[in-house]
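Chains as they are written, first to last, in the numbering used here: chain L, 1 to 293; chain X, 294 to 586; chain Z, 587 to 879; chain B, 880 to 1172.
Working notes, beginning with the structure itself.
Here you go:
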């Protein structure tokens, strides 16, 4: 069990009264990711609602802000009890046996146009043995061909843009890996959160985007950008792609500053400090399916 | 109350053993669309499963077929009790009050890239009075600018392609209308089904795609292609866009013939024959929200 | 006759030895645009070549720079003797009579995808009376629908992007107008230069992009962005689109600063100072075709 | 010296009087491709003009047709005296020494968006030794990744589409190879013609598209689709991409049938029959530059 303590501060300048915000900045509730304690402070005295989506565990904070500064402070301590499995023992789930609620994750979405990548995926990955290893091969293919670079992509960039431009940030790596998994008929989803253990070379800590892939046992973690240790990821939200799980969706004229984020490993309930580390095992933090990750 | 009787026959030639099919060809179950009787016949002796998605009411038929001909016959009698409302009394739901499960329908999706159309939508519809009338204006804008034409668009075509090419089929009209609604922060979804009352000029009856828009009271029907009478639509599936609700998703090498579809109005339980007609009222067949359409 | 005096200063930091530059920053030579005097100063002692393209009159300065600062100063006095004609008397040239060297300007190019806009152009402009007035209608259509805005478009943006995003800079206005002209079978080309008389609200003076359209009599000037007085335009280069006439094409690792540009009207050889002004007449500065603009 | 005899028959049904046609179906005139004899027969009694573009040697047949059938028959005997060179002795021309009239072929064009492929080209080919071998490597990269397939691409398809879809016809192979050459700062152009020696597996003989690349000595032939013997290519036209050199550009409502094309090797003036064959040498049929191919 790993206990991580995270804090984040968001700052906005609201120029239009009644601007609406939908945040997805709460650590998700899953069987294997337990929020031990948390606090939320908002500088404006406005009504707040926090809803939990029953299917994904995503939590949405919604508020309507007055003009002037809006500041959000969130802190949480989160216990992660990863499901771990040996990669070579994890098989793919045949399409015929995919649960209905997972089917949506093999279809194309806004930034993951898998419908245009079937031939490419077949050519590159079609002959590989099915299973976790094939997904790892997709992840490595993306990691090798795409260069981490800011200022190449923007919020409209999609998996196809990334394939062409061969550069992007974590969001772009994730979109391309997801599109290639789906083009191979393997369900994949976009996940956001905060990650422990990022190389400071990547600049100030920011929200992170990574990938979860559905194989026998449940949804497994992959970080195609290679910027994080998968074991150190705290999940906020999952969705079809970045369109579904922006950390902030804003309706109104609002200026914003970069978020200020911190995360550290702390001692757990048993007094032991366990650090996230890079492991060979497949990891999952999803606890919705019985007897599974 | 309207009772419609529909039948459809699908024919495939399966060239790869174990090809998997996911069909969405069953009339959906909603409070206001009741399936009175139905039958499904498949020529191959293979296991069939039919699942109902609890959130949408979509029903999915899944099977794995042997090589050779595969034929699916489906017939159903469906009772429609539309919720009807006066257009001028239907308001938009402010973003701040949208239910969490509706939020996904204001985000962009594969074929509805609303994220690139905010300025266009603001320019064209931003000054209009909010409410059903504004949605009707979006529907009319699409209907006026896009020409119904086969062989211009294909399965990769998106709302942006349709805006540029100014031509397409019902699927393309629906995608563009949805994208413009979402760009105006109005939730909209893609709906498929069979429609009664199509002008024979459009050729043999085919599956139809139309739009449902979320306003106060629930999801209202719009047919931007203008090829159908909204009152005559029998719903099969709803989703973010065509990526979610193909009538058939096929995994394997399979040839296909055009579907053969029929629909007629018949006498209901009370012995009365009521024909769908074009009405000025707003219509909804969605019955999931209490005291609403 | 109008005499304009312009100066421009370009500053680069060359990080890779032997970086190659191709500049198109010399005022073009045409019968109606005469360069009275000019000077070119380059801070580095490197060989310079200036070539004139015989078909377009574009002049290309080429050099290979050493590492360190590279500074280019160019000044010129240019006499403009516009061909002027009454708009209502200018007809279109039927495709069958277009000169061979003009044909290339009805074909699509990198940023002007006229091949995808035929139906839109036919719908919007197909019923209009042919002639200068129809081109003016295309120009006005673009000017009305597109908003001048920096930071929306970038160097990859095309006419289709601008149509969708409905915002851009002078380059984007020009590309969209050109694409719509070509989709209407009217030859149009992309022209760059410096313009006298820009509203200071648009920020520091920069290179300008506008449109020349081929009609009976030759190539006529249009400024769809509305930021300039067409009579005050000094032409540097013309081409199919921005791909052909970048003011600087750089091969190597080079940093750059914004150009510093000035232009003013001065007294001509006859001692008279004539100011460019907004006129109703059609204008042309192209002098390649006998007895024509 | 190789002598090839070709014939082609084009059939149209003209539905709109005065429909205009621009054909590029005449064998080009170059120093190394000499048209020994030719004939052109058109079934309609309409004025014909044939113009030769002085820069490219392309010949354009223009006519305005009456309603009803339009049939064009063209036959020619062409002598090819290829310039041949050893691949390992052919260097690239540094950008700084590219002739002005060649510069346009390093810029992006409608279907060859080299501006988006710089990073990909640098990654794949940036470390290779410059020269003919590098261009051959680009050609082979395209040939290996793209599958020849009809009905995947259409007339709007570009190099980027082909890179994504990984399938297409000769036109698509050519566009992708051109884009990658230009992204590597190597001038490349699109060439059309008829090719001797096509494997009948590709179906009835059709117009062919291939690539010419500018290296020391001139423009060298490459056939990335691998469907033809480069030595058997008879050139009709060259341009930036398919936008410039359609074999027929039609203005008006016109139906068309597939062309009927034949080509054979025949005895030359010396009575010798020389067959085109696959050779290791670099080939060029361009004779515009003194002492060069």
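We treat Cβ as the ideally placed atom computed from N, Cα and C, and that holds for glycine.
Just so it is clear, the structure is predicted and the values come from calculations on it, not from any experiment.
- Under DSSP, residue 512 (chain X) forms a beta bridge with X:507.
- Residue 645 (chain Z) sits in a strand when the DSSP states are folded into three classes.
- Annotation: Cβ neighbours of residue 996 (chain B) in chain L (cutoff 8 Å, chain order): 164.
- Residue 943 (chain B) counts as buried, since at least 16 other C-beta atoms from the protein chains shown sit within 10 angstroms of its C-beta.
- The straight-line gap separating the alpha-carbon atoms of residue 578 (chain X) and residue 233 (chain L) is approximately 43 Å.
- By the rule that beta-carbons nearer than 9 Å mark a contact, residue 244 (chain L) touches chain X.
- Boundaries of the beta strand (DSSP E) harbouring residue 1140 (chain B): 1139-1145, taken from the DSSP string.
- In this structure, Z:829 is the residue among Z:829, Z:862, Z:855 with its C-alpha nearest to the C-alpha of residue 986 (chain B).
- Excluding five sequence positions before and after residue 1042 (chain B), the CB atoms of its chain that fall closer than 7 Å to its own CB belong to 1055, given in chain order.
- Residue state for residue 230 (chain L) is assigned as helix, using DSSP reduced to three classes.
- Only those residues of the stretch 637-650 of chain Z whose C-beta falls short of 7 Å from the nearest C-beta of chain B are listed: 637, 639, 646, 648, 650.
- Only those residues of the stretch 683-695 of chain Z whose C-beta falls short of 8 Å from the nearest C-beta of chain B are listed: 686, 687, 689, 690, 693, 694, 695.
- Neighbours of residue 746 (chain Z) across chain X, judged by C-beta separation under 9 Å: 453, 457.
- Its Cα nearest to that of residue 719 (chain Z), the residue Z:676 stands out among Z:699, Z:676, Z:663, Z:786.
- Unbroken beta strand (DSSP E) runs of no fewer than 3 residues, entirely contained in the stretch 48-102 of chain L, are found at 49-52, 59-65, 68-80, 83-85, following chain order.
- Buried is the label assigned to residue 240 (chain L), since at least 16 other Cβ atoms lie within 10 Å of its Cβ.
- If you check each beta-carbon in the stretch 765-776 of chain Z against every beta-carbon of chain B, the ones closer than 9 Å belong to 771.
- By the 16-neighbour rule on beta-carbons within 10 angstroms, residue 70 (chain L) is buried.
- By the rule that beta-carbons nearer than 9 Å mark a contact, residue 957 (chain B) does not touch chain Z.
- Taking CB atoms only, residue 430 (chain X) has no neighbour in chain Z less than 9 Å away.
- Per DSSP, reduced to three states, the secondary structure at residue 500 (chain X) is coil, with no helix or strand assignment.
- A check of alpha carbon separations from residue 214 (chain L) across L:148, L:61, L:191, L:58 identifies L:191 as the nearest.
- With 16 or more other Cβ atoms inside 10 Å of its own Cβ, residue 92 (chain L) counts as buried.
- For residue 37 (chain L), the uninterrupted beta strand (DSSP E) run begins and ends at 33-42, by DSSP.
- By the beta-carbon neighbour count (other beta carbons within 10 angstroms, threshold 16), residue 206 (chain L) is buried.
- Contact check for residue 58 (chain L) and residue 24 (chain L): beta-carbon distance about 6 Å, within the 8 Å limit, so the pair qualifies.
- Three or more pairs of CB atoms, one per stretch, sit closer than 8 Å, so the stretch 135-152 of chain L contacts the stretch 222-229 of chain L.
- By the neighbour-count criterion, in which a residue is buried when 16 or more other Cβ atoms sit within 10 angstroms of its Cβ, residue 976 (chain B) is exposed.
- Taking 9 Å as the threshold, the shortest C-beta distance from residue 739 (chain Z) to chain B does not fall below it.
- Less than 9 Å divides the Cβ of residue 523 (chain X) from the Cβ of residue 576 (chain X).
- In the three-state reduction of the DSSP assignment, residue 719 (chain Z) falls in the helix class, which pools H, G and I.
- B:1097 is the residue among B:1097, B:1128, B:1029, B:1003 whose C-alpha sits nearest the C-alpha of residue 966 (chain B).
- For residue 174 (chain L), the uninterrupted alpha helix (DSSP H) segment begins and ends at 170-183.
- Boundaries of the alpha helix (DSSP H) around residue 1041 (chain B): 1038-1044.
- In terms of Cβ geometry, residue 701 (chain Z) and residue 1035 (chain B) form a close pair [threshold 9 Å].
- When the beta-carbon positions are compared, residue 440 (chain X) and residue 488 (chain X) stay at least 9 Å from each other.
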